[in-house]
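Some notes on the structure that comes next.
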Amino acid sequence: MGKYVVIDLEMCTVPRVNKSQYGYKSEIIQIGAAALDEDYNVIDKFNSYVHPQYGQISKFISELTGIKPKDVQNAELLLPVMEKFLAWIPEGDVTMVSWSTTDKYQLIHELDKKGIVLDRMNALYENWYDCQPLFSEKMKMKKSYSLEEALIATDIVTEGRAHDGLTDAYNTALLYAKMMKEPVLTLNPYYKSAHDDGDPEELRYSLADLLDNIKLED
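Residue numbers for the sequence shown follow the working numbering, so the first one is 4 and each next one is one higher.
The following block contains the structure:
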């Protein structure tokens, strides 16, 4: 196993009627991850659906992620899935990597709200790396890029469907590896030509941001 674990979570919204019991806006429905070795090669993958206790998979979330209610109906709850995930992560010093800090804080809040205590999580939180700002730095831009745009810009051949947890984790791992290996990023020439001019507006994209704008019926 490797020393880097790239994680991506997919979430659903929590209806207002359930927020008094749960106290948070979103709930994890999928955990995807890719492990990298010291040379930034992908050497293993983890994927699991999670049965939500309070949230609902709306039509919007199904269309965005491809996850349907039937996919999580018989899935395990968060605690056993997290126990399997932590058992999959290698022992010793591991750097957690994600695109933005959204997934880190989703885990912090959701585990707390559900009263789940996992001894290793604090160490993982402390060694968590958000690789989104690194991409902006390498692009010499103040803009915060979406994962989709970053993959296009760097000419990475993606696999699978966007907003699937495993797909996004794997593609983020490829992008992270490229950023760590290349002092100056090799860009898609067509992207570079089209974006040489102009001052891009600030953009920070995450599923959690989208969930903020969704209103579900009580």
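Even glycine gets a Cβ: it sits at the ideal position worked out from N, Cα and C. The model shown is predicted, which means the values in this text are computed figures rather than measured ones.
Residue range of the unbroken alpha helix (DSSP H) whose run includes residue i
i: Tyr132; result: First-last for Tyr132: 131-133, but that is the beta strand (DSSP E), not the alpha helix (DSSP H).
i: Thr170; result: 168-184
i: Asp11; result: No alpha helix (DSSP H) contains Asp11, which is instead part of the beta strand (DSSP E) from 7-16.
i: Gln161; result: Here residue 161 is Thr; the residue named in the question, Gln, does not match the sequence. First-last for Thr161: undefined, no H or E at that position.
i: Glu151; result: 150-156
i: Ser29; result: No alpha helix (DSSP H) holds Ser29; the beta strand (DSSP E) holding it covers 29-39.
i: His198; result: Premise fails: His198 is in no alpha helix (DSSP H) and is neither H nor E.
i: Ser65; result: 62-68
Sequence-distant residues of the same chain with beta carbon closer than 7 Å to residue i, five excluded per side
i: Tyr194; result: Ile155, Ala156
i: Thr104; result: Asp133
i: Leu27; result: Looking at the sequence shown, residue 27 is not Leu but Tyr. Counting only Cβ-Cβ distances below 7 Å, and skipping sequence neighbours, we find Val17, His112, Glu113, Lys116.
i: Thr1; result: Within the shown structure, residues of the chain are numbered from 4 to 221, placing residue 1 beyond reach of any answer.
i: Pro72; result: Ile60
i: Pro55; result: Cys15, Glu30, Ile32, Val75
Residue of the options minimising C-alpha distance to residue i
i: Asp40; options: Leu67, Val8, Ile111, Gln135; result: Val8
i: Ala197; options: Ile119, Glu152, Asp47; result: Glu152
i: Trp102; options: Tyr52, Ala38, Asn174; result: Asn174
i: Lys141; options: Tyr128, Thr189, Trp131; result: Thr189
i: Gly163; options: Ile31, Gly35, Lys6, Cys15; result: Gly35
i: Thr98; options: Lys6, Asn191, Pro192; result: Lys6
i: Leu121; options: Asp96, Ser149, Glu129, Met85; result: Met85
i: Asn21; options: Tyr57, Asp47, Pro93; result: Tyr57
i: Gly69; options: Asn191, Phe138, Met183, Ile32; result: Ile32
i: Met182; options: Lys87, Glu66, Gly95, Leu137; result: Leu137
i: His166; options: Asp47, Leu67, Tyr25, Gly95; result: Leu67
With 16 other Cβ atoms within 10 Å as the buried cut-off, status of residue i
i: Ser23; result: exposed
i: Val100; result: buried
i: Gln76; result: exposed
i: Lys145; result: exposed
i: Asp42; result: exposed
i: Lys184; result: exposed
Contacts around residue i, its chain only, beta-carbon distance under 6 Å, and the 5 residues preceding and following it disregarded
i: Pro91; result: Sequence inspection shows Trp at residue 91; the Pro mentioned does not correspond to that position. Correct list, in chain order: Phe49.
i: Leu177; result: Ile159
i: Asp11; result: Gly35, Gly168, Asp171, Ala172
i: Ile64; result: Cys15
Limits of the unbroken beta strand (DSSP E) element including residue i
i: Lys50; result: Contrary to the premise, residue 50 reads as Asn rather than Lys in this sequence. Unbroken beta strand (DSSP E) run through Asn50: 45-52.
i: Gln24; result: Note, Gln24: premise wrong, no beta strand (DSSP E); alpha helix (DSSP H) at 19-25.
i: Met99; result: 98-101
Supposed close pair residue i, residue j - CB separation, criterion 8 Å
i: Gln135; j: Ser29; result: Contact doesn't hold; Cβ gap of about 19 Å is too wide.
i: Ala172; j: Ala37; result: 5 Å
i: Val53; j: Leu89; result: 14 Å between Cβ atoms; not a contact.
i: Glu13; j: Gly118; result: Not confirmed; about 23 Å, so no contact.
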